[in-house]
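The structure appears right after this line, and notes come after that.
Residue numbers (my numbering), protein chains in the order written: chain F, -17 to 304; chain R, 17 to 264.
What follows is the structure, encoded as structure tokens:
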């Protein structure tokens, strides 16, 4: 038995999402009366996972896996799941996890539910709540296969400290040439910026900012908050900001703790994409902007006056609360 | 090159989402259906290959007769043939099994789907088709070039992108970036007329299990009113975010 969890790392350190999926896996294991085994590929210090309830860590150290490779990673996870007799495999909602999860599900003859936002409603039948219709609704999905793959939404469950032995054990999956049909030749990643997927706070700008030259204040605000920057669809369509910043129904989903929208009117497609964020703030000079109906806090005012004041006050706040 | 574009028939992005039958079914009443936006980026990229490099482009959907207008729209945009697998799309795995059969029968080199449909957001069909057929797979694909039997693909990763090379046959989970929004095509009258004469083949499903089932739907709880703060008192917003929302 046991619940298997894929704990992702970057540069030899576990990502926050790894601790979140571990926390979730621990609670699922409690429901099923079993233990948690993590799989770590060239990952961090196994004992860190113990803090979140992991009992055993299968450590894969393999230079061929230095760069993420969905098929090879899925193969390694499949072998780990079989070795452990895992009935539930938990992965995150990172780009990498969403890449490998369908491959893993087919390998294990497992049903897969993505974007899961809560603990299983019941273990038998195995039912989980997930978002659908791009956050305009939830659905309860029943997975009827013997082995289940659960993809947990980022920031949906949070971190829960627990005690686990986190006994490290070397694990060497048998990988074949067929696992390496896709060869990564270049990775282009901003290392100095927090990504939208990993961010606790996202600051987003819309057409109300009037032009790309005005994005300094969005970036300054993001810097003060340690936030990622994002933008609305028209802004990316007009080329003011890169597509990778476009959030909304056809862009990136956002599930941050705090989402601050500046000069974004709040089209239904935009709201759908960011709706999973916990606290939403809007700053817009149009009191009729639909975003005010979706937000928790709002300021009706000129962004060019409000945002610089906000940055100044936040700097004071940060230095007082450091 | 033979390209297959997998088309999901989904509610328009502006649709109000409601449920019927005790919240067990999506209410299609008054809903306009469209080509899934992520699939449409892929279809448009496929048209580029057809026009620039020479390729045939087929489109496929798994669904009942009500999805045919969506396939006809894809034909009007320029696809050559349409295939409809005549069965209800019950879950991602079941759909992937149907598509894998179409892929194997048609001997396609490149199979493009969307990274996810905007209705169920499962995000699993392209990957499962790749796993079932043994093809290579690139997800969240934002750039694709083909030269002979080699593909160079750019994938969006968290906080950046990566480039990879691989061989055909290849399955791609596509999204915006494969082509720009401004490259999307609105079918013209000639395209619509021609689409009526293009073949739309209906095939019967293969036997396949269903692994997951959406048993119940719910809408998010209604939200309370927005708390407005004066633009002259941004400190209050900071206090609220810190003390009340505990978000900073």
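Virtual Cβ for every residue (Gly too), placed ideally from N, Cα, C. Quick caveat, the model's predicted, so the values are computed rather than measured.
Residue i burial status per 10 Å Cβ neighbour count (16 or more: buried)
i	result
residue 101 of chain R	buried
residue 258 of chain R	exposed
residue 83 of chain F	buried
residue 172 of chain F	exposed
residue 209 of chain R	exposed
residue 43 of chain F	exposed
residue 69 of chain F	buried
residue 236 of chain R	exposed
residue 80 of chain F	buried
residue 48 of chain R	exposed
residue 96 of chain F	buried
residue 119 of chain R	buried
residue 206 of chain R	exposed
residue 168 of chain F	exposed
residue 60 of chain F	buried
residue 267 of chain R	Since the first residue shown for chain R is 17 and the last is 264, residue 267 of chain R is missing from the structure and cannot be characterised.
residue 222 of chain R	exposed
residue 57 of chain F	buried
residue 301 of chain F	exposed
residue 158 of chain F	exposed
residue 89 of chain F	buried
residue 155 of chain F	buried
residue 239 of chain R	exposed
residue 117 of chain F	buried
residue 44 of chain R	exposed
Close-in-space but distant-in-sequence residues of the same chain around residue i (CB under 6 Å, 5 per side omitted)
i	result
residue 299 of chain R	Residue 299 of chain R lies beyond the range of chain R shown here (17 to 264); nothing can be said about it.
residue 235 of chain F	255
residue 111 of chain F	99, 100, 120 and 122
residue 253 of chain F	276
residue 23 of chain R	51, 55, 75, 77 and 90
residue 9 of chain R	Because chain R in this structure spans residues 17 to 264, residue 9 of chain R falls outside the shown range and cannot be described.
residue 202 of chain R	none
residue 17 of chain R	71 and 125
residue 218 of chain R	100 and 102
residue 306 of chain F	Shown here, chain F extends from -17 to 304; a query on residue 306 of chain F therefore has no answer.
residue 223 of chain F	213 and 217
Spatial neighbours of residue i in its chain, beta-carbon cut-off 7 Å, leaving aside the 5 residues before and after
i	result
residue 232 of chain R	39 and 40
residue -2 of chain F	180
residue 307 of chain F	Residue 307 of chain F lies beyond the range of chain F shown here (-17 to 304); nothing can be said about it.
residue 249 of chain R	none
residue 16 of chain F	-17, -16 and -15
residue 163 of chain F	53
Whole-angstrom C-beta distance between residue j and residue i, which should lie under 8 Å
i	j	result
residue 271 of chain R	residue 279 of chain F	The first residue shown for chain R is 17 and the last is 264, placing residue 271 of chain R beyond what the model contains.
residue 54 of chain R	residue 132 of chain R	6 Å
residue 108 of chain R	residue 140 of chain R	4 Å
residue 188 of chain R	residue 134 of chain R	With a Cβ gap of about 18 Å, residue 188 of chain R and residue 134 of chain R do not count as contacting.
residue 10 of chain F	residue 63 of chain F	Not a contact, Cβ separation roughly 14 Å.
residue 272 of chain F	residue 245 of chain F	Rounded, the Cβ-Cβ distance is 13 Å, inconsistent with contact.
residue 79 of chain R	residue 105 of chain R	5 Å
residue 174 of chain R	residue 76 of chain F	6 Å
residue 179 of chain R	residue 152 of chain R	Between residue 152 of chain R and residue 179 of chain R the Cβ distance is about 15 Å, and since that is not below 8 Å, they are no contact.
residue 33 of chain F	residue 227 of chain R	With a Cβ gap of about 34 Å, residue 33 of chain F and residue 227 of chain R do not count as contacting.
residue 282 of chain F	residue 247 of chain R	7 Å
Per-residue contacts from residue i into chain B (C-beta, under 7 Å)
i	result
residue 174 of chain R	This model lacks chain B altogether, as its protein chains are F and R.
Sequence-distant residues of the same chain with beta carbon closer than 8 Å to residue i, five excluded per side
i	result
residue 115 of chain F	254
residue 253 of chain R	245
residue 263 of chain R	257
residue 19 of chain F	-16, -15, -14, -13, 36, 37, 38, 39, 40, 62, 66 and 68
residue 103 of chain F	109, 110, 111 and 122
residue 229 of chain F	178, 184, 186, 212, 213, 214, 235, 236, 252, 255 and 256
residue 296 of chain F	203, 206 and 207
residue 46 of chain F	54, 157 and 162
residue 284 of chain F	267
Three or more C-beta pairs below 8 Å linking the region 45 to 64 of chain F and the region 102 to 112 of chain R: no
Which full runs of the beta strand (DSSP E) of 3+ residues lie inside the region -7 to 56 of chain F, going along the chain? 18 to 23 and 38 to 42
Is the region 158 to 168 of chain R touching the region 186 to 202 of chain F in the sense that three or more CB pairs, one from each, lie closer than 8 Å? No contact exists between the region 186 to 202 of chain F and the region 158 to 168 of chain R.
Cβ contact check for the region -1 to 13 of chain F and the region 128 to 144 of chain F: 3 or more pairs under 8 Å: Output reads yes: the region 128 to 144 of chain F touches the region -1 to 13 of chain F.
Inspect the CB distances between the region 143 to 159 of chain F and the region 193 to 208 of chain F and report whether three or more fall short of 8 Å. With the cut-off at 8 Å, the region 143 to 159 of chain F and the region 193 to 208 of chain F do not touch.
Any 3 or more C-beta pairs closer than 8 Å across the region 205 to 216 of chain F and the region 227 to 244 of chain F: yes
Count the CB pairs spanning the region 24 to 35 of chain R and the region 281 to 294 of chain F that are closer than 8 Å, and state whether there are at least three. no
Unbroken beta strand (DSSP E) runs of length 3 or more, entirely within the region 96 to 169 of chain R: which are they? 97 to 101, 126 to 130 and 152 to 163
Can you list the beta strand (DSSP E) stretches of 3 or more residues lying completely in the region 121 to 187 of chain F, in chain order? 130 to 134, 149 to 152, 164 to 171 and 183 to 187
For a minimum of 3 consecutive residues, which ranges assigned as the beta strand (DSSP E) are wholly contained in the region 209 to 259 of chain F? 210 to 213 and 240 to 244
3 or more residues per run - each beta strand (DSSP E) lying fully within the region 25 to 61 of chain R: 25 to 27 and 49 to 51
So within the region 49 to 93 of chain F, which uninterrupted alpha helix (DSSP H) runs reach at least 4 residues, ignoring any that extend past its ends? Segments of the alpha helix (DSSP H) lying fully in the region 49 to 93 of chain F: 52 to 66 and 77 to 89.
Report the residue ranges of all beta strand (DSSP E) runs contained in full by the region 171 to 208 of chain R; include only those spanning at least 3 residues, in chain order. You should have 176 to 183 and 186 to 190.
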